[in-house]
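Asks:
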DNA sequence: GCAAGCTGAATCGTATACAATATTTTCAGA
DNA sequence: TCTGAAAATATTGTATACGATTCAGCTTGC
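Below is the structure:
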């Protein structure tokens, strides 16, 4: 087996230890950005070397990732990036339609100025990522649009549920995506924004439903794609767009 | 400080070790049943003695409980049974109204025979617990009614979200309840069942909304009640109704 | 009498060592 | 060459030890 541990670098400075939160975020992002493919075995020792932390802390972080369903813990085997099944995929999108339908109605019925500002800033970021061609950033930003609505609805609990669902959606896309999104779909975040700001709640709800079904319809729930194995490369800091 | 560890017994046999799952369930139930009051400090060493397990395992279990928001982890201080604030209480019930409204509509639009059987069995259990006067069992069963709908809707993910929300609701009631439920409210699970089985979806949704608002209206979100300290007593196996 | 600081006990955070389990390799026999 | 068992290796599960932090009670100075 070739050495998987070499691109780590653990941040920037040599001696500055990362917090658990930072390590968690690094792994989480790598998974959501498709740098760590579903099914990848996250070996504890390897992660220890990469982040220069003890196994105790890594285990606690992996447990948290597992609680959020982005990794699966298998007894005596270890942690693996989750490989959502077709049934899970349906469930995730069904839950999203319910939650996001409610959320977008809430914000559309009473759009605030901060909402407008947040959405416009976000759309600019989304466009920037797409122009640059940073695929990881694009994926992250698109999820972020949906999370933004949850945050603006001032529902932290629901926002947390949705954060899990969007992360799982990203895994679902990684495993089952059959074809890339077309230009029409890419524009739907703009349309949603306009409907929300125009207080056209019913239309916004309907478009959100179509938007989510559109993503789902691009999946081929029969096929799956194989995992990759290079932890170190996946967990490097991306030089592209900054995280939000 | 008096000795808090003595009623443990750790199950039945002396030498049979409990699984993590069992320990988790024991603590979770004790919290939801109001045997461990909100704010109670769950000291690791104490739990170790009670369940005869190492601190490593206890810490992992406490982390899971924290992920489900029934305990709060405070750095260098330890784990405490969550003490929901008034804002959290509002959020929890708002989320419940959304989720449970959808769920009850789903089951009411297509009630199955297994649903009918499950609901009727459940109502009998609920009544039995109330007749016996086992307060812990009553609380657990009432939550279970709501979870039943989620399970019957075949939405495991949403069911898990709701499991967290009902557990938190139990804590909210423990902290903020101003007066006990009246007979009318106690009967609403029956009425909900009838509406669902009669396929009167709109009425069922409306009653569910009223039911949840009724629970919320019995709260006094200003006052709070002090925690208790007797871990060992709280974590004993209840001799009453069996768990489901 | 009371606030500030100090000291010791209690408690938590992490690393490390060892045991248990899983995986891979080796090698004999057909 | 293939198959199966057994040894060797790799990986995870848990306990324990030690350092760091917090808390309670006490002392000291005002």
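Chains as they are written, first to last, in the numbering used here: chain A, 26 to 269; chain B, 26 to 269. C-beta: ideal position from N, C-alpha, C; glycine also.
Check whether the segment 168 to 183 of chain B touches the segment 140 to 150 of chain B, taking contact to mean three or more Cβ pairs, one atom from each stretch, closer than 8 Å.
Replies: They touch, by the three-pair rule.
Asks: Closer than 9 Å, CB to CB, is residue 171(A) near chain B or not?
Replies: Indexing the first chain from 1 puts residue 171(A) at position 146. So no, residue 171(A) is outside the interface.
Asks: Between the alpha carbons of residue 100(B) and residue 216(A), how many angstroms are there, rounded?
Replies: Looking up residue 100(B) in the second chain gives position 75. Looking up residue 216(A) in the first chain gives position 191. Those two C-alpha atoms are separated by around 44 Å.
Asks: Buried or exposed: which applies to residue 108(B), given that a residue is buried once 16 or more other Cβ atoms fall within 10 Å of its Cβ?
Replies: Position 83 of the second chain, counted from the start, is the residue given in the question as residue 108(B). Looking at its Cβ environment, which holds 16 or more other Cβ atoms inside 10 Å, residue 108(B) is buried.
Asks: I'd like the list of long-range same chain contacts for residue 114(B), defined as Cβ closer than 7 Å, with 5 residues on each side in sequence excluded.
Replies: Residue numbering aside, residue 114(B) sits at position 89 when the second chain is read from its first letter. If we look at residue 114(B) and ignore the five residues flanking it on each side, its Cβ neighbours are 197, 201, 244, 246.
Asks: Taking three-plus beta-carbon pairs below 8 Å as touching, is the segment 126 to 140 of chain B in contact with the segment 219 to 232 of chain B?
Replies: The segment 126 to 140 of chain B vs the segment 219 to 232 of chain B: in contact.
Asks: Just by C-beta distance, which residues in the segment 155 to 184 of chain B are closer than 7 Å to chain A?
Replies: Hits within the stretch, in order: 180, 181, 182, 183.
Asks: Consult DSSP for residue 198(B) and reduce its assignment to one of helix, strand or coil.
Replies: Counted from its first residue, the second chain places residue 198(B) at position 173. Note: residue 198(B) maps to helix in three-state DSSP.
Asks: Beta-carbon separation of residue 117(A) and residue 190(A) under 9 Å?
Replies: As a working mapping, residue 117(A) is identified with position 92 in the first chain. As a working mapping, residue 190(A) is identified with position 165 in the first chain. The answer is yes: Cβ separation under 9 Å.
Asks: Buried or exposed: where does residue 212(B) fall if 16 or more other Cβ atoms within 10 Å of its Cβ makes it buried?
Replies: To locate residue 212(B), count along the second chain from 1; it is residue 187. The residue is exposed, with fewer than 16 neighbouring Cβ atoms inside 10 Å.
Asks: Does the segment 175 to 189 of chain B come into contact with the segment 151 to 159 of chain B, if we say contact requires no fewer than three beta-carbon pairs (one atom in each stretch) closer than 8 Å?
Replies: The segment 175 to 189 of chain B vs the segment 151 to 159 of chain B: no contact.
Asks: Quick one: which residues of the segment 230 to 245 of chain A get their C-beta closer than 7 Å to a C-beta of chain B? List them in chain order.
Replies: Listed by position along the chain: nothing, the set is empty.
Asks: Rounded to a whole number of angstroms, what is the C-alpha to C-alpha distance between residue 127(A) and residue 79(A)?
Replies: Here residue 127(A) corresponds to residue number 102 of the first chain, with the count starting at 1. Here residue 79(A) corresponds to residue number 54 of the first chain, with the count starting at 1. Distance between the alpha carbons of residue 127(A) and residue 79(A) is about 43 Å.
Asks: Residue 190(B) CB to nearest chain A CB: under 9 Å?
Replies: As a working note, residue 190(B) is residue 165 in the second chain. Chain A, which has a Cβ nearer than 9 Å to the Cβ of residue 190(B), makes this yes.
Asks: Taking C-alpha atoms, which residue in 72(B), 241(B), 214(B) lies nearest to residue 51(B)?
Replies: Taking the second chain and counting its residues from 1, one reaches residue 51(B) at position 26. It is 72(B) whose Cα lies nearest to the Cα of residue 51(B).
Asks: State yes or no: is the beta carbon of residue 42(B) nearer than 9 Å to at least one beta carbon in chain A?
Replies: Here residue 42(B) corresponds to residue number 17 of the second chain, with the count starting at 1. Not an interface residue.
Asks: Could you name the residues of chain B that residue 88(A) contacts, counting a contact when the two beta carbons are closer than 9 Å?
Replies: By 1-based counting over the first chain, the position of residue 88(A) is 63. Result: 85, 88, 89, 92.
Asks: Suppose you measure from the CA of residue 236(A) to the CA of residue 148(A); what does that come to, to the nearest Å?
Replies: In the first chain, the residue the question calls residue 236(A) occupies position 211. In the first chain, the residue the question calls residue 148(A) occupies position 123. C-alpha separation (whole angstroms): 16 Å.
Asks: Work out the CA separation of residue 122(B) and residue 264(A) for me, nearest whole Å.
Replies: In the first chain, counting from the first residue as 1, residue 264(A) sits at position 239. In the second chain, counting from the first residue as 1, residue 122(B) sits at position 97. Model confidence at residue 264(A) stands at a pLDDT of 35, short of 50, so the residue's coordinates are unreliable; what they give is reported in the following sentence. So the alpha carbons of these two residues sit roughly 43 Å apart.
Asks: In angstroms, rounded to a whole number, what distance separates the CA positions of residue 160(B) and residue 129(A)?
Replies: Taking the second chain and counting its residues from 1, the one referred to as residue 160(B) is at position 135. Taking the first chain and counting its residues from 1, the one referred to as residue 129(A) is at position 104. Going by the C-alpha atoms only, they are around 40 Å apart.
Asks: For residue 69(A), which residues in chain B fall below 8 Å Cβ to Cβ?
Replies: Here residue 69(A) refers to the residue found at position 44 of the first chain. Correct list: empty, because the minimum Cβ distance to chain B is about 14 Å.
Asks: Which residue spans inside the segment 148 to 209 of chain A form an unbroken alpha helix (DSSP H) run of at least 4?
Replies: For the segment 148 to 209 of chain A, whole alpha helix (DSSP H) runs of length 4 or above, ordered along the chain, are 160 to 177, 181 to 201.
Asks: Tell me the DSSP secondary structure of residue 97(A) in three-state form.
Replies: As a first step, residue 97(A) is located in the first chain; it is residue number 72 there, counting from the start. Note: residue 97(A) maps to strand in three-state DSSP.
Asks: Check the Cβ-Cβ distances between residue 147(B) and every residue of chain A, and say whether any is below 9 Å.
Replies: Taking the second chain and counting its residues from 1, one reaches residue 147(B) at position 122. No - not a single Cβ of chain A is within 9 Å of the one on residue 147(B).
Asks: If you check the beta carbons only, do residue 77(A) and residue 42(A) fall under 9 Å apart?
Replies: On the first chain, position 52 is the one that residue 77(A) refers to. On the first chain, position 17 is the one that residue 42(A) refers to. Yes, the pair counts as a contact, with Cβ atoms nearer than the cut-off.
Asks: Under 8 Å, CB to CB, which of the residues in the segment 115 to 140 of chain A have a partner in chain B?
Replies: Result list: 116, 117, 119, 120, 123, 124, 127.
Asks: Considering only C-alpha positions, which residue in the set 209(B), 208(B), 233(B) is nearest to residue 218(B)?
Replies: Position 193 of the second chain, counted from the first residue, corresponds to residue 218(B). Selected option, being the one with the closest Cα: 233(B).
Asks: Less than 9 Å between the C-beta atoms of residue 183(B) and residue 120(A), yes or no?
Replies: Numbered from 1 along the second chain, position 158 holds the residue referred to as residue 183(B). Numbered from 1 along the first chain, position 95 holds the residue referred to as residue 120(A). Cβ atoms of residue 183(B) and residue 120(A): closer than 9 Å.
Asks: Below 9 Å between beta carbons: does that hold for residue 346(B) and residue 195(B)?
Replies: The structure shown has nothing for residue 346(B), since chain B only spans 26 to 269.
Asks: Sort 205(A), 105(A), 48(A), 162(A) by Cα distance to residue 65(A) and report the nearest one.
Replies: Looking up residue 65(A) in the first chain gives position 40. Answer by Cα proximity: 105(A).
Asks: Contact criterion: CB-CB distance below 9 Å. Does residue 105(B) meet it with respect to chain A?
Replies: Mapped onto the second chain, residue 105(B) falls at position 80. With 9 Å as the cut-off, residue 105(B) does not count as an interface residue toward chain A.
Asks: Using a C-beta to C-beta distance shorter than 7 Å, which residues of chain B count as neighbours of residue 7(A)?
Replies: It is not possible to answer for residue 7(A), since the shown part of chain A is limited to 26 through 269.
Asks: Taking buried to mean at least 16 other C-beta atoms within 10 Å of its own C-beta, is residue 242(A) buried or exposed?
Replies: By one-based count along the first chain, residue 242(A) stands at place 217. With fewer than 16 other Cβ atoms within 10 Å, it is exposed.
Asks: Can you tell me whether residue 79(B) is helix, strand or coil according to DSSP?
Replies: Translated into the one-based positions of the second chain, residue 79(B) becomes position 54. Coil.
Asks: Does any residue of chain B have a CB that is nearer than 9 Å to the CB of residue 113(A)?
Replies: As a working mapping, residue 113(A) is identified with position 88 in the first chain. Chain B contact via Cβ: present.
Asks: DSSP state of residue 244(A), grouped into three classes?
Replies: By 1-based counting over the first chain, the position of residue 244(A) is 219. Correct three-state label for residue 244(A): strand.
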